[in-house]
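Residue numbers (full-length UniProt numbering): 1 to 78.
To start, the structure itself, in structure tokens.
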């Protein structure tokens, strides 16, 4: 199922249309890394129905090593 996800981090907010918050987070992190040269460690994601997720990203020499999701709805997307 495709949904709209609003991802926010480092003062930037973008909308992604995709199937999961994980995909939205990875696209957003790639955008920040490539175009803004930033590597945020925490993001907030909200979908079109108001479900919220928190993302914690860890970086290794400028490359995304892993990201973990939390929030009341996170299990639905695993």
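All residues carry an ideal CB built from backbone N, CA and C; glycine is no exception.
Note that the structure is predicted; figures quoted are calculated from it, not measured.
Problem - Backbone secondary structure at residue 52 - three-state DSSP - result: Taking the chain shown and counting its residues from 1, the one referred to as residue 52 is at position 52. Of the three classes helix, strand and coil, the one that applies to residue 52 here is strand, per DSSP.
Problem - Beta-carbon proximity list for residue 16, same chain, < 6 Å, skipping 5 on both sides - result: For the purposes of this step, residue 16 is taken as residue 16 along the chain shown, with counting starting at 1. Here the set comprises 5, 24 and 27.
Problem - Proximity to residue 21 [Cα-Cα], best of 56, 57, 58 and 46 - result: By 1-based counting over the chain shown, the position of residue 21 is 21. Cα-wise, what sits closest to residue 21 is 46.
Exercise for the section: Please work out which residues of its chain come closer than 8 Å, Cβ to Cβ, to residue 44, disregarding the five sequence neighbours upstream and downstream, and give them in chain order. Expected result: For the purposes of this step, residue 44 is identified with residue 44 of the chain shown, where counting begins at 1. Excluding residues within five positions, the ones whose Cβ falls inside 8 Å are 7, 8, 9, 52, 53, 54 and 55.
Handout entry: Burial state of residue 29, where buried means 16 or more other Cβ atoms lie within 10 Å
Key = Locating residue 29 in the chain shown gives position 29, where the first residue counts as 1. By the neighbour-count rule (16 or more Cβ atoms within 10 Å), residue 29 is buried.
Exercise for the section: Could you have a look at residue 2 and say whether DSSP puts it in helix, strand or coil? Expected result: As a working note, residue 2 is residue 2 in the chain shown. Here residue 2 sits in coil by DSSP.
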